[in-house]
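Residues in the sequence shown are numbered from 63 upward in steps of one, following the working numbering.
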Amino acid sequence: MLNALQDEDAQVQLLAVRACGSIGSSAEPSITILIQMLETSGPPLTPWICQSLAQFGPKANAAIQKLRELALQDTPSAMCAIEALPALGPEAVPVIIELYQDPANRHRAATARALGKCGEGAANAVPILMRDLDGTKASQVAMATEALGNIGEPARPALPQIKALLSDEDSRVRLRAAHALWKLDKDRGAVMPVLLAGLQDASTFQSTVKRIAADAMAEIEPVAREARPLLNQLLSDSQSSVRIAASNALVRITEREHTSTP
63 MLNALQDEDA QVQLLAVRAC GSIGSSAEPS ITILIQMLET SGPPLTPWIC
113 QSLAQFGPKA NAAIQKLREL ALQDTPSAMC AIEALPALGP EAVPVIIELY
163 QDPANRHRAA TARALGKCGE GAANAVPILM RDLDGTKASQ VAMATEALGN
213 IGEPARPALP QIKALLSDED SRVRLRAAHA LWKLDKDRGA VMPVLLAGLQ
263 DASTFQSTVK RIAADAMAEI EPVAREARPL LNQLLSDSQS SVRIAASNAL
313 VRITEREHTS TP
């Protein structure tokens, strides 16, 4: 395997890189080589290197600084580096927080999602994300709200701000706020009207909004009676992401109903 990683044939290298992460502990000696390859490889190899390193988890935390450097480059692989960082464990969290605040980072949305993937381990990011809830750019407010919801319990101080966003003029922000509020506080009464409206959204961002609403509906129990026919309508939506989200939500709702039936 180690020899294949350094093969002159790019296809052989690619197959070896893809195999490393899936083989498991027996491939751990390849971590050092994979980190070195981050400096010398370009697409299509680099994204696979990032993915394989992530599969090793914290055992590959020696890659954190190289991934940080890659994340700030103006290349297609930058986002792959950001997406790999959360898997590398607690040592990666300060780096992700630093990247989120770095003006040179062109992928702040991906970085916010990475913070969310760290869960409660990203507690130190909460004050920073809370500041962004007061921003004027809707997309930034929405991504910060989503991250806070995914961080969980340490993000509860943000609840007053998140509740206020339920009435934001931008439907993306409203839906992200509703989803985050459900995750943090399980306030069904507050979030359900927003989600039901989201399933019927007709704004410029309707596909995104409908998908977020459907994803949230998959988690809420008990779901509103009105939700099922709206989700059924979305099964014929023009956007595949919306259809998939609606289908997944209906499956989850049906499974819960069957589980709760004596």
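Every residue, glycine too, gets a C-beta built ideally from N, C-alpha and C.
(1) So the alpha helix (DSSP H) ASN167 belongs to, where does it begin and stop?
(2) Taking the alpha-carbon positions, what's the PHE267 to GLU90 distance?
(3) Report buried or exposed for ASP263, applying the criterion of at least 16 other Cβ atoms within 10 angstroms of its Cβ.
(4) Could you round the C-beta distance between GLY178 and GLU208 to whole angstroms and report it? I think they count as a contact, below 8 Å.
(5) Got a sec? Which residues, its chain only, sit under 7 Å from ALA122 by beta carbon, not counting five neighbours each side?
(6) Whole-angstrom Cβ separation of ALA307 and ARG273, contact assumed at under 8 Å?
(7) According to DSSP, simplified to helix, strand and coil, what is SER139?
(8) How many angstroms separate the CA atom of ALA154 from the CA atom of PRO219?
(9) Buried or exposed: GLU319, going by 16 or more other Cβ atoms within 10 Å of its Cβ?
(10) Using the C-alpha atoms, what's the distance from VAL285 back to MET279?
(11) Could you give the C-beta distance for LEU227 and VAL188, rounded to a whole number, given that I count them as a contact under 8 Å?
(12) Straight-line CA distance for ASP249 to GLY211?
(13) Return the chain-ordered list of same chain residues with a C-beta closer than 6 Å to the C-beta of LYS245, the five sequence neighbours on each side being excluded.
(14) Following the continuous alpha helix (DSSP H) through LEU210, name the residue where it begins and the one where it ends.
(15) Give every residue of the same chain whose Cβ lies closer than 8 Å to the Cβ of ILE159, excluding the five residues on either side of it in the sequence, and list them in chain order.
(16) Compute the Euclidean distance between the alpha carbons of SER139 and THR321, then round it to the nearest angstrom.
(17) Using the Cβ count rule (16 or more neighbours within 10 Å means buried), how would you classify ALA72?
(18) Under the rule that 16 or more other beta-carbon atoms within 10 Å means buried, what is PRO120, buried or exposed?
(19) Which whole-angstrom value describes the C-beta separation of VAL79 and LEU67, a residue pair presumed to lie in contact below a C-beta threshold of 8 Å?
(20) Hey, LEU257 and ALA239 are a contact pair by Cβ (cut 8 Å); roughly how many whole angstroms apart?
(21) Does CYS180 come out as helix, strand or coil in the three-state DSSP assignment?
(22) Using alpha carbons as the reference points, say which of ASP136, THR198, ARG234 lies closest to HIS169.
(23) Looking only at C-alpha atoms, which of GLU131, ARG234, ILE224 sits nearest to VAL271?
(24) Which residues mark the beginning and the end of the alpha helix (DSSP H) in which ASP277 is found?
(25) What number of angstroms, rounded off, separates the C-alpha of GLY214 from the C-alpha of LEU312?
The structure says:
(1) Counting from 1 along the sequence shown, the entry for residue 167 is found at position 105. Where ASN167 is concerned, there is no enclosing alpha helix (DSSP H), given that its DSSP letter is neither H nor E.
(2) Position 205 of the sequence shown, counting from 1, holds the residue named residue 267. Position 28 of the sequence shown, counting from 1, holds the residue named residue 90. Cα to Cα, the separation comes out at about 44 Å.
(3) Taking the sequence shown and counting its residues from 1, the one referred to as residue 263 is at position 201. By the neighbour-count rule (16 or more Cβ atoms within 10 Å), ASP263 is buried.
(4) Translated into positions along the sequence shown, residue 178 becomes position 116. Translated into positions along the sequence shown, residue 208 becomes position 146. Yes, GLY178 and GLU208 are in contact; Cβ-Cβ is about 6 Å, under 8 Å.
(5) As a first step, residue 122 must be located in the sequence shown, where it is residue number 60. These residues qualify, in order along the chain: ILE93, LEU115, LEU150.
(6) Here residue 307 refers to the residue found at position 245 of the sequence shown. Here residue 273 refers to the residue found at position 211 of the sequence shown. Confirmed, Cβ separation roughly 4 Å.
(7) Counting from one through the sequence shown, the residue named residue 139 turns up at place 77. If DSSP states are grouped into helix, strand and coil, SER139 belongs with coil.
(8) The residue labelled residue 154 in the question sits at position 92 within the sequence shown. The residue labelled residue 219 in the question sits at position 157 within the sequence shown. Approximately 24 Å, taken between the alpha carbons.
(9) Residue mapping note: residue 319 aligns to position 257 of the sequence shown, counting from 1. When all chains shown are included, GLU319 counts as exposed.
(10) Within the sequence shown, residue 279 is the residue found at index 217, counting from 1. Within the sequence shown, residue 285 is the residue found at index 223, counting from 1. In a straight line, the C-alpha of MET279 is about 7 Å away from that of VAL285.
(11) Numbered from its first residue, the sequence shown carries residue 227 at position 165. Numbered from its first residue, the sequence shown carries residue 188 at position 126. Not really, about 16 Å apart at Cβ, beyond 8 Å.
(12) Taking the first residue of the sequence shown as position 1, residue 249 is located at position 187. Taking the first residue of the sequence shown as position 1, residue 211 is located at position 149. Answer to the nearest angstrom: the Cα atoms are 13 Å apart.
(13) Here the question's residue 245 lines up with position 183 in the sequence shown. Here the set comprises GLY211.
(14) Mapped onto the sequence shown, residue 210 falls at position 148. Note, LEU210: alpha helix (DSSP H), 200-213.
(15) Here residue 159 is taken as the residue at index 97 of the sequence shown, counted from 1. When the five nearest sequence neighbours on each side are left out, the beta carbons in the same chain lying within less than 8 Å of the beta carbon of ILE159 are those of LEU177, ALA184, ASN186, ALA187, ILE190, in order along the chain.
(16) Against the sequence shown, residue 139 aligns to sequence position 77. Against the sequence shown, residue 321 aligns to sequence position 259. Straight through space, the alpha carbons of THR321 and SER139 are spaced by roughly 43 Å.
(17) Position 10 of the sequence shown, counted from the start, is the residue given in the question as residue 72. So ALA72 ends up on the exposed side.
(18) Walking along the sequence shown from the start, residue 120 turns up at place 58. PRO120 should be labelled exposed.
(19) Reading the sequence shown from its first residue, position 17 is the one you call residue 79. Reading the sequence shown from its first residue, position 5 is the one you call residue 67. Contact holds; Cβ gap of about 7 Å.
(20) Walking along the sequence shown from the start, residue 257 turns up at place 195. Walking along the sequence shown from the start, residue 239 turns up at place 177. In fact, because the Cβ distance is near 11 Å, the residues do not count as touching under 8 Å.
(21) Walking along the sequence shown from the start, residue 180 turns up at place 118. Correct three-state label for CYS180: coil.
(22) One-based indexing of the sequence shown puts residue 169 at position 107. Minimum Cα distance to HIS169 is reached at ASP136.
(23) By one-based count along the sequence shown, residue 271 stands at place 209. Comparing Cα-Cα distances from VAL271 to each of GLU131, ARG234, ILE224, the minimum goes to ARG234.
(24) Counting from 1 along the sequence shown, the entry for residue 277 is found at position 215. Here the alpha helix (DSSP H) through ASP277 covers 268-279.
(25) Along the sequence shown, read from residue 1 onward, the residue named residue 214 stands at position 152. Along the sequence shown, read from residue 1 onward, the residue named residue 312 stands at position 250. So the alpha carbons of these two residues sit roughly 25 Å apart.
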